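Student:
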Amino acid sequence: GENVEQHPSTLSVQEGDSAVIKCTYSDSASNYFPWYKQELGKRPQLIIDIRSNVGEKKDQRIAVTLNKTAKHFSLHITETQPEDSAVYFCAASKTGNTGKLIFGQGTTLQVKP
Amino acid sequence: DVKVTQSSRYLVKRTGEKVFLECVQDMDHENMFWYRQDPGLGLRLIYFSYDVKMKEKGDIPEGYSVSREKKERFSLILESASTNQTSMYLCASSPTGTNQPQHFGDGTRLSIL
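Take a look at the structure:
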């Protein structure tokens, strides 16, 4: 069935360094890839998303890249700050799937001051 | 801004009780979802609904049922609560159409004693 694998499960970086989280999806028909950030005790919130007709998308310090051939996509956070510490989830979806998202297992990012 | 409201942040129930978790969204979204979140397992889909009175099983529907009598409200029902259903439950909604992000509620931390 449809599956999304996310790595690493935990990531610790120094403030100012970059962080990269990678996801691989199994269904080649997937064409929508959102990323969610969940701070401790709060709801998951969409931070960026990309559609399959685009290879890269940036929003200030965050960017997402998509490699359709290899079926993987990545989240890049530059100049990390302590407030970036959270759990990050990737997800994949495809047209006609009634809005259903397949989520990765999550990555706990810790940014050390 | 989309608002998804879950009726309780914390709930404590006893084994064997019938438990109702309520979710209301105010954006006229067609799709609504119930997830269970456990450490290391990410977000697992229990049930979803793409229209009033319509429902589909997700990945882990056993022991749960749902009800959607009105468009804005989606209820999760634990028919006979068991201790292994102690978890964080998240509700989400999204509009119909291709590849739309889901918007989450704050979650209900349910403990079954």
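Going line by line, the protein sequences match chains B and F. The first sequence maps to residues 73 to 185 in the numbering used here. The second sequence maps to residues 1204 to 1316 in the numbering used here. Glycine included, each C-beta is placed from N, C-alpha and C at the ideal position. Here the structure is a predicted model, which means the values were calculated and not measured.
1. By the criterion of Cβ-Cβ separation under 7 Å, what are the contact partners of B:SER165 in chain F?
2. Beta-carbon within less than 6 Å of F:SER1283's beta-carbon, same chain only, minus the 5 sequence neighbours each way: which residues are those?
3. Could you pull out every residue in the same chain whose Cβ sits closer than 7 Å to the Cβ of B:GLU151, ignoring the five residues on either side in sequence?
4. So B:GLY176 packs on B:CYS162, CB below 8 Å; how close in whole Å?
5. Take every Cβ of the region 102-111 of chain B, pair it with every Cβ of the region 119-128 of chain B, and state whether three or more of those distances are shorter than 8 Å.
6. Mind checking if B:THR129 is an interface residue toward chain F, Cβ cutoff 8 Å exclusive?
7. Quick check on B:GLN177 - is its C-beta less than 8 Å from some C-beta in chain F?
8. In chain F, which residues lie with their C-beta within 9 Å of the C-beta of B:ASN103?
9. So, are the CB atoms of F:PRO1304 and B:LEU118 less than 8 Å apart?
10. So what does DSSP say about B:GLU155, is it helix, strand or coil?
11. Would you check if the distance between the CB atom of B:LEU112 and the CB atom of B:VAL126 is smaller than 8 Å?
Tutor: According to the data block:
1. For the purposes of this step, residue 165 of chain B is identified with residue 93 of the first sequence, where counting begins at 1. Simply ASN1302.
2. Position 80 of the second sequence, counted from the start, is the residue given in the question as residue 1283 of chain F. The answer, listed in chain order, is GLY1219.
3. By 1-based counting over the first sequence, the position of residue 151 of chain B is 79. So the qualifying residues of the chain are GLY88 and ARG133.
4. Taking the first sequence and counting its residues from 1, the one referred to as residue 176 of chain B is at position 104. Taking the first sequence and counting its residues from 1, the one referred to as residue 162 of chain B is at position 90. Sure, about 4 Å apart at Cβ, within 8 Å.
5. yes
6. Counting from one through the first sequence, the residue named residue 129 of chain B turns up at place 57. Checking the sequence, you will find Lys at residue 129 of chain B rather than Thr. No, its Cβ sits nowhere closer than 8 Å to a Cβ of chain F.
7. Taking the first residue of the first sequence as 1, we reach residue 177 of chain B at position 105. Judged by the 8 Å Cβ criterion, B:GLN177 is in contact with chain F.
8. Translated into the one-based positions of the first sequence, residue 103 of chain B becomes position 31. Chain F residues near B:ASN103: THR1301 and ASN1302.
9. The residue labelled residue 1304 of chain F in the question sits at position 101 within the second sequence. The residue labelled residue 118 of chain B in the question sits at position 46 within the first sequence. A contact, by the Cβ cut-off of 8 Å.
10. To locate residue 155 of chain B, count along the first sequence from 1; it is residue 83. Reduced to three states, the DSSP call for B:GLU155 is helix.
11. Taking the first sequence and counting its residues from 1, the one referred to as residue 112 of chain B is at position 40. Taking the first sequence and counting its residues from 1, the one referred to as residue 126 of chain B is at position 54. No, Cβ-Cβ distance for B:LEU112 and B:VAL126 is not below 8 Å.
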